[in-house]
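Residue numbers (our numbering), protein chains in the order written: chain A, 4 to 152; chain B, 3 to 68. Built from N, CA and C at the ideal position, the CB exists for glycine as well. Below is one structure, written out as C-alpha cells; the observations come after it.
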Amino acid sequence: MVSTVFSDSIVNATDLRNNQKQWFEKAYIKPITVNYGRRQLAIMNREQVGRLYAAQHYSELVLKACEEFSENSKSTIFPWIEYLSNEGKTKFHSELLRQTIQSIITGDWAKVEYIIDDWKATAEVERNPALAAVLKSKEDPSQYVEIEG
Amino acid sequence: MNECKDFLRKTPADRNRAAGRLKKLKPPLQGILQYDVTKDDVRVWYRIDKNEYNVVIKYAGHHPNW
C-alpha cells in the first residue's frame with residue numbers, strides 16, 4: 004500500500020523571485036517546495052510547523068512510554084511511575100494514549116501536559132506514605148481554622 | 003505566598019490562572035489539588051468543599067522527607 008501523506012507545489016528559485024507574493028500566499032495555505040540546485044527547501048505556515056513539531060515530540064514520548072509499559076520495564080521516560088499502583092500505571096497510560104490521539108486531531112497539547120503533571124504529582128505524594136495518609140484522611144470541620152490576610 | 007492565597011480565594015480550580023502551578027491529583031487521591039508555591043518543593047494540598055464554598059488546606063509546606 005502506498006499512501007501520499009504530503010503533496011505540494013514545486014517552484015524553482017527564479018520563479019519564486021519573480022512571483023513572490025503569489026507563492027507566499029500559496030505557501031500560507033499549503034507548503035511549497037523550492038528547488039535550490041539539487042536540494043529542496045520547503046516554505047510553509049509557521050503555525051503548522053509548530054503543530055508538526057509538537058505532534059512529533061509528544062507522539063515519540065508517548066510511544067516510548069507505551070513500549071516501556073508493554074515490556075513491563077523500568078520507565079526512563081517517566082521514572083516517577085514506579086510510585087503508582089499497578090492500577091494507577093494502567094490508568095495513566097490509558098489516559099495518556101487517549102488524550103494523545105485527541106491532541107493529534109485538535110493540536111491542543113496542553114491537555115497531555117496536564118495529564119502528565121497530574122499523575123506525576125500523584126506519584127510524588129504516593130512516594131511518601133505519611134503525606135499520602137494525611138491527604139487521604141477525613142477532616143473534622145470543628146478543627147478548621149480560618150486563614151487571615 | 004500572597005499569590006497563592008489570592009489564587010485559593012478566587013479561582014482555586016482554574017488551571018488557566020495558575021501558570022502550570024496547579025495539579026489535580028489522580029486516584030486514590032482524587033479531589034485533592036496541589037498548588038506549587040515555589041519551583042522546588044513548597045506545596046499546598048487542598049480540597050474544595052463546593053457545598054460550603056470552602057477551600058480546606060490539608061497540608062502546606064515543604065514536601066516532607068524530600
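Considering just the uninterrupted stretch of the beta strand (DSSP E) at residue i, what are its terminal residues?
i, result
"tyrosine 156/B", "With chain B running from 3 to 68 in the structure shown, residue 156/B is simply not present."
"tryptophan 47/B", "44-51"
"lysine 41/B", "Lysine 41/B -> no beta strand (DSSP E), and no H or E assigned at all."
"threonine 36/A", "35-39"
"lysine 12/B", "No beta strand (DSSP E) contains lysine 12/B, which is instead part of the alpha helix (DSSP H) from 4-12."
"leucine 64/A", "Looking at the DSSP string, leucine 64/A is not in any beta strand (DSSP E); the run it does join, the alpha helix (DSSP H), is 49-73."
"asparagine 15/A", "12-15"
"alanine 45/A", "42-46"
Suppose you measure from the CA of residue i to the CA of residue j; what does that come to, to the nearest Å?
i, j, result
"isoleucine 46/A", "asparagine 38/A", "11 Å"
"cysteine 6/B", "asparagine 56/B", "15 Å"
"isoleucine 34/B", "aspartate 111/A", "25 Å"
"lysine 24/A", "arginine 41/A", "24 Å"
"proline 30/B", "valine 52/A", "39 Å"
"alanine 133/A", "serine 88/A", "16 Å"
"threonine 109/A", "alanine 57/A", "12 Å"
"arginine 54/A", "serine 73/A", "28 Å"
"glutamate 151/A", "aspartate 8/B", "12 Å"
"threonine 7/A", "glutamate 98/A", "30 Å"
"aspartate 43/B", "glutamine 59/A", "31 Å"
"glutamine 32/B", "glutamate 28/A", "50 Å"
Verify whether the separation of the beta carbon atoms of residue i and residue j is less than 9 Å.
i, j, result
"tyrosine 37/B", "leucine 27/B", "no"
"alanine 62/B", "arginine 45/B", "yes"
"alanine 30/A", "asparagine 15/A", "no"
"valine 148/A", "leucine 138/A", "no"
"histidine 96/A", "alanine 68/A", "yes"
"lysine 60/B", "serine 140/A", "yes"
"isoleucine 32/A", "isoleucine 13/A", "no"
"glycine 22/B", "aspartate 121/A", "no"
Please go through the same chain and pick out, in chain order, the residues whose beta-carbon is closer than 6 Å to the beta-carbon of residue i, but skip the five residues on each side of it.
i, result
"serine 78/A", "Glu71 and Ile84"
"leucine 44/A", "Val37"
"glutamine 102/A", "Lys114, Val115 and Ile118"
"leucine 19/A", "Trp26 and Val37"
"leucine 10/B", "Val57"
"lysine 123/A", "Trp83"
Between which two residues does the alpha helix (DSSP H) harbouring residue i extend?
i, result
"leucine 99/A", "89-109"
"alanine 133/A", "132-139"
Can you find the residues in the same chain that come closer than 8 Å, C-beta to C-beta, to residue i, ignoring five residues on each side of it along the sequence?
i, result
"arginine 130/A", "Trp83 and Tyr86"
Among residues of its own chain, excluding the 5 on either side of residue i, which ones have a beta-carbon nearer than 7 Å to its beta-carbon?
i, result
"threonine 13/B", "Arg19"
"isoleucine 80/A", "Leu64, Lys67, Ala68 and Glu71"
Under 8 Å (Cβ pairs) to chain A, residues found in the stretch 28-45 of chain B: Look at the stretch 28-45 of chain B: the residues with a C-beta under 8 Å from a C-beta of chain A are Lys28, Pro29, Pro30, Leu31, Ile34 and Gln36.
Of the residues that make up the stretch 10-21 of chain B, which ones have a beta carbon closer than 8 Å to any beta carbon in chain A? Within the stretch 10-21 of chain B, those residues whose Cβ lies closer than 8 Å to any Cβ of chain A are, in chain order, Arg17.
Can you list, in chain order, the residues of the stretch 79-110 of chain A whose Cβ is nearer than 9 Å to any Cβ on chain B? For the stretch 79-110 of chain A, which is checked against every Cβ of chain B, the residues closer than 9 Å are Leu87, Ser88, Glu90, Gly91, Lys94, Phe95 and Glu98.
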